[in-house]
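Chemist: Before we start, here is the structure in question, set down as structure tokens.
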Amino acid sequence: VSIYDARSPTEPLSTLSMGGGIWRIQWHPIDNNRMLVAAMHGGCRVVQLDDGNAWKMNIEKEFTEHTSMAYGADWLVCQHDGDEGSYYEAAASCSFYDRATYLWNAIE
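Take 7 as the starting number for the sequence shown in the working numbering and just add one per residue.
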């Protein structure tokens, strides 16, 4: 994953290896500092952008249960009843050749 400044697209501000080619990136629907990455042979990753340094990225969680290329991933985020600031989150991912789908806890 690389983050670029559109004003200078030749040099990335930050780069983080995912262990495989990236097929899909989904930004978190509530937290703008998190993304979910389907990294083919590298599995899936939850990536956190550092609050103190907006361009520093860390792998928060890895999901490597896929026996084939992970090519799809998306967030499942549900707000708890009556509590606006509290929500449950999970990730769904799928793999290519074995056509498997997983639902997994996206929080470390």
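Each residue gets a CB set at the ideal place from its N, CA and C atoms; glycine is no exception.
What number of angstroms, rounded off, separates the C-alpha of Glu71 from the C-alpha of Asp104?
Modeler: C-alpha separation (whole angstroms): 12 angstroms.
Chemist: Express the C-alpha separation of Arg51 and Leu82 in angstroms, rounding to a whole number.
Modeler: Near 15 angstroms, if we compare the C-alpha coordinates of Arg51 and Leu82.
Chemist: Cutting at 6 angstroms between CB atoms, please list the residues of its own chain near Ser8, excluding the five before and the five after it.
Modeler: Counting only Cβ-Cβ distances below 6 angstroms, and skipping sequence neighbours, we find Pro18, Thr21.
Chemist: Below 8 angstroms on the Cβ atoms is my contact criterion, and I expect Gln54 with Asn38 to pass it. Report the Cβ-Cβ distance as a whole number of Å.
Modeler: That belief does not hold up - the Cβ atoms of Gln54 and Asn38 are roughly 11 angstroms apart, past 8 angstroms.
Chemist: Could you check which residue in Ala106, Ser101, Ala97 has the C-alpha nearest to that of Ala112?
Modeler: It is Ala97.
Chemist: Using beta carbons (cut-off 8 angstroms, strictly below), is Ala12 in contact with chain C?
Modeler: Absent from the structure is chain C; it holds one protein chain and no more.
Chemist: For the beta strand (DSSP E) that contains Phe69, what are its first and last residues?
Modeler: Where Phe69 is concerned, the enclosing beta strand (DSSP E) stretches over 63-69.
Chemist: Going by Cα to Cα distance, which pick from Gln85, Glu66, Thr73 is closest to Val43?
Modeler: Closest by alpha carbon: Glu66.
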